[in-house]
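Inspection log for the structure reproduced underneath, given as structure tokens.
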Amino acid sequence: MGWLFLKVLLVGVSFSGFLYPAVEFCFHGETRDQKPNFVIILADDMGWGDLGVNWAETKDTARLDKMAAEGMRFVDFHAAASTCSPSRASLLTGRLGIRNGVTHNFAVTSVGGLPLNETTLGEVLQQAGYVTGMIGKWHLGHHGSYHPNFRGFDYYFGIPYSHDMGCTDSPGYNHPPCPACPLGKGPSRPPERDCYTDLALPLYENLAIVEQPVNLSSLAQKYAEKATQFIQRASTSGKPFLLYMGLAHMHVPLSGTPLSADPPGRRAYRAGLREMDSLVGQIKDKVDRTAKENTLLWFTGDNGPWAQKCELAGSVGPFTGSWQTHQGGSPAKQTTWEAGHRVPALAYWPGRVPVNVTSSALLSVLDIFPTVVALARASLPLGRHFDGLDVSEVLFGGLQTGHRVLFHPNSGAAGEFGALQTVRLQRHKAFYVTGGARACDGGIGPQQYHEPPLIFNLEDDVAEAVPLEIGSAEYQTILPRIRQVLAGVLQDIADDNVSRADYTQDPLAAPCCNPHRVVCRCQTV
């Protein structure tokens with residue numbers, strides 16, 4: 000029959016309100032060097048010990064555990080900060096908050112967000128021909144040009160910040176409990192601590208608020224449906240795609256239905272883990288059915304568990320931060336102890352990522368940006384320095400080492416926001432400032448500065464219980480190296496093109512679909 004050439008034109012393919020140009024598929028005689036797809040799933044407030052294959056005594060993450068068996072598990076993987084907005088900003092820029100300007104969380108009334116002169120992963124991949132989608136928690140600014148549709152994402156469906164930053168009609172499990180949204184105007188009541196009572200939680204699809212308040216009980220399934228639709232439509236378009244998902248799990252309020260025999264709080268948490276596990280499993284199943292051989296799926300977390308939520312917080316595993324707990328407060332979220340920033344991490348790509356491998360390489364959420372950019376054969380933004388590494392060779396089994404050094408920014412428990420006062424140098428970790436976040440009992444550990452620093456050997460002491468003796472040979476050997484790398488990064492930052500986020504607030508910046516109704520209620524569509 001000779002040389003057969005089949006050309007299929009998809010002209011003006013519509014993708015959730017966006018139009019894409021004609022795409023050509025060629026078979027039997029012409030092949031196209033496909034760029035890989037990327038699915039990045041970021042859990043919220045999930046403990047390192049929540050992942051069954053890591054530590055958990057109760058196995059509530061069967062689908063994630065299976066993904067670990069089919070791919071690679073990272074046991075020394077770190078968030079770029081130990082609170083929401085800075086961690087997410089670093090994922091999308093490959094830069095620490097001290098460079099990209101996002102050093103603490105944005106508010107419901109924030110005017111600004113991730114600085115507009117910072118280039119996001121979505122923007123880089125858009126320029127490289129990718130269809131890009133963001134589903135879930137954004138928390139990098141929602142007002143005006145800071146919305147995800149203007150920051151590199153063709154499609155957005157989700158909540159613009161944490162889902163405890165607004166009232167709902169079914170508040171779910173929180174500690175302390177928060178009241179439901181008021182249904183009508185009535186006598187004002189004092190707000191509960193850490194609760195929002197005057198603005199309902201909004202759900203966006205692209206630029207429109209489609210639900211306010213959000214129905215939390217159906218949110219996970221909506222995310223699964225939108226994610227699978229995105230993967231299907233992107234695959235049909237013939238373009239490579241990036242899907243970035245910011246899960247609501249395991250942040251409070253939890254909405255899963257408790258089924259176990261544990262105490263009430265633990266039942267709710269375990270139900271939430273199972274719901275999250277099912278959500279991730281649905282996304283993986285869709286990838287397997289549509290783009291298995293050409294898609295990297297990367298699962299990790301934004302920071303450690305939120306200890307002040309007591310039984311509604313996750314497991315830190317062996318990273319108990321014992322030195323800090325003896326001083327008072329929590330060593331988890333908002334701190335630079337291991338419980339605050341060591342997070343679960345898995346990579347899955349059949350045929351590329353080796354099967355059932357556990358990597359002890361020192362890696363970071365910061366590495367996602369340069370790794371994805373390199374695999375997409377795109378270019379890093381010019382005129383700025385990056386803190387992440389291209390770790391492709393680690394993913395594909397060629398290397399067992401990652402960073403020699405990581406810097407953990409202050410994230411609320413102690414010290415100036417974003418300052419680099421904790422240094423991880425191979426197996427050693429130095430603290431120039433310590434402080435405990437609010438613990439379940441309400442206690443907060445005192446802020447303490449250390450000069451010379453506290454230094455722990457994590458190889459011998461993962462619980463960070465006993466710092467090295469200052470006079471010991473080990474301490475005296477490692478201290479000059481720590482001082483050298485810290486001075487080096489601070490000089491590099493001084494020489495870099497750094498940004499500054501706008502943290503001003505204005506009540507008019509709060510998302511509101513109907514200002515004429517109580518708490519901005521609008522009809523669900």
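Take 0 as the starting number for the sequence shown in numbering that gives the first Met the number 0 and just add one per residue.
Virtual Cβ for every residue (Gly too), placed ideally from N, Cα, C.
Which class does residue i belong to by DSSP, given the choice of helix, strand or coil?
{"i": "S234", "result": "helix"}
{"i": "G135", "result": "strand"}
{"i": "C166", "result": "strand"}
{"i": "W54", "result": "coil"}
{"i": "M244", "result": "strand"}
{"i": "Y222", "result": "helix"}
{"i": "M378", "result": "The question names Met, yet the displayed sequence has Ser at residue 378. It is coil, neither helix nor strand."}
{"i": "A509", "result": "coil"}
{"i": "T357", "result": "strand"}
{"i": "C519", "result": "helix"}
{"i": "A199", "result": "strand"}
{"i": "Y160", "result": "coil"}
{"i": "S217", "result": "helix"}
{"i": "L124", "result": "helix"}
{"i": "L362", "result": "strand"}
{"i": "P514", "result": "coil"}
{"i": "G280", "result": "helix"}
{"i": "A267", "result": "helix"}
{"i": "S410", "result": "coil"}
{"i": "Q228", "result": "helix"}
{"i": "H178", "result": "It is Pro, not His, that sits at residue 178 in the sequence shown. It is coil, neither helix nor strand."}
{"i": "V393", "result": "helix"}
Return the chain-ordered list of same chain residues with a C-beta closer than 6 Å to the C-beta of residue i, the five sequence neighbours on each side being excluded.
{"i": "R434", "result": "Position check: residue 434 holds Gly in this sequence, whereas Arg was assumed. A412, A413, G444, Q446."}
{"i": "N355", "result": "A68"}
{"i": "L533", "result": "What is shown of the chain runs 0 to 524, which leaves residue 533 out entirely."}
{"i": "L278", "result": "A219, A223"}
{"i": "A346", "result": "G70, M71, W297, V352, L394"}
Ordered along the chain, which non-local residues of its own chain (more than five positions away) have a Cβ less than 7 Å from that of residue i?
{"i": "V390", "result": "L362, D366, T370, G401"}
{"i": "R480", "result": "L424"}
{"i": "T57", "result": "R269"}
{"i": "I469", "result": "P451"}
{"i": "Q281", "result": "A223, T227"}
{"i": "L379", "result": "P369, V372, F385"}
Can you grab the Cα-Cα spacing for the pair residue i / residue j, in whole Å?
{"i": "R94", "j": "L182", "result": "43 Å"}
{"i": "L453", "j": "F430", "result": "5 Å"}
{"i": "G417", "j": "Y243", "result": "24 Å"}
{"i": "I40", "j": "G46", "result": "15 Å"}
{"i": "G339", "j": "K332", "result": "4 Å"}
{"i": "Y160", "j": "K34", "result": "31 Å"}
{"i": "E210", "j": "D43", "result": "22 Å"}
{"i": "R426", "j": "L457", "result": "5 Å"}
{"i": "V101", "j": "V251", "result": "23 Å"}
{"i": "V518", "j": "G397", "result": "54 Å"}
{"i": "R437", "j": "P170", "result": "22 Å"}
{"i": "L202", "j": "P510", "result": "10 Å"}
{"i": "G387", "j": "N173", "result": "35 Å"}
{"i": "K291", "j": "K285", "result": "9 Å"}
{"i": "A88", "j": "G300", "result": "13 Å"}
{"i": "D163", "j": "V342", "result": "21 Å"}
{"i": "G441", "j": "D193", "result": "13 Å"}
{"i": "A199", "j": "G96", "result": "29 Å"}
{"i": "P506", "j": "P178", "result": "22 Å"}
{"i": "T235", "j": "A375", "result": "19 Å"}
{"i": "V404", "j": "V422", "result": "7 Å"}
{"i": "V465", "j": "G328", "result": "17 Å"}
{"i": "A80", "j": "L139", "result": "14 Å"}
{"i": "L206", "j": "K225", "result": "16 Å"}
Let me check one thing: in DSSP terms, what residues is residue i bridge-paired to?
{"i": "N205", "result": "Bridge partners of N205: none, in fact."}
{"i": "L405", "result": "R423"}
{"i": "T289", "result": "None, per the DSSP bridge assignment."}
{"i": "L398", "result": "None, per the DSSP bridge assignment."}
{"i": "Q504", "result": "S109"}
{"i": "V130", "result": "F240"}
{"i": "Y155", "result": "M133"}
{"i": "K211", "result": "In the sequence as displayed, the identity of residue 211 is Gln instead of Lys. DSSP, once it has assigned bridges, lists C521 as partnering Q211."}
{"i": "Y172", "result": "L253"}
Can you determine whether any heavy atom of the ligand ZN sits closer than 8 Å to the C-beta of residue i, and answer yes or no?
{"i": "A127", "result": "The ligand ZN is not part of the structure shown, which contains no ligands of any sort."}
Are the C-beta atoms of residue i and some chain B residue less than 9 Å apart?
{"i": "Y160", "result": "The structure shown has no chain B; it contains just one protein chain."}
Excluding the 5 residues preceding and the 5 following residue i in the sequence, name in chain order all residues of the same chain whose CB lies nearer than 8 Å to its CB.
{"i": "R62", "result": "D276, S277, V279, G280, K283"}
{"i": "H449", "result": "F430, Y431, V432, T433"}
{"i": "K184", "result": "V517"}
To test your reading of the DSSP string, which unbroken alpha helix (DSSP H) runs of 4 or more residues are found completely within the stretch 417-497?
Positions of the alpha helix (DSSP H) runs, each at least 4 residues long and wholly inside the stretch 417-497, are given as 472-493 in order along the chain.
3 or more residues per run - each beta strand (DSSP E) lying fully within the stretch 36-119
List check, beta strand (DSSP E) in window: 36-42, 71-73.
Where are the beta strand (DSSP E) runs, 3 residues long or more, that stay fully inside the stretch 288-346, in chain order?
The qualifying runs are 294-300.
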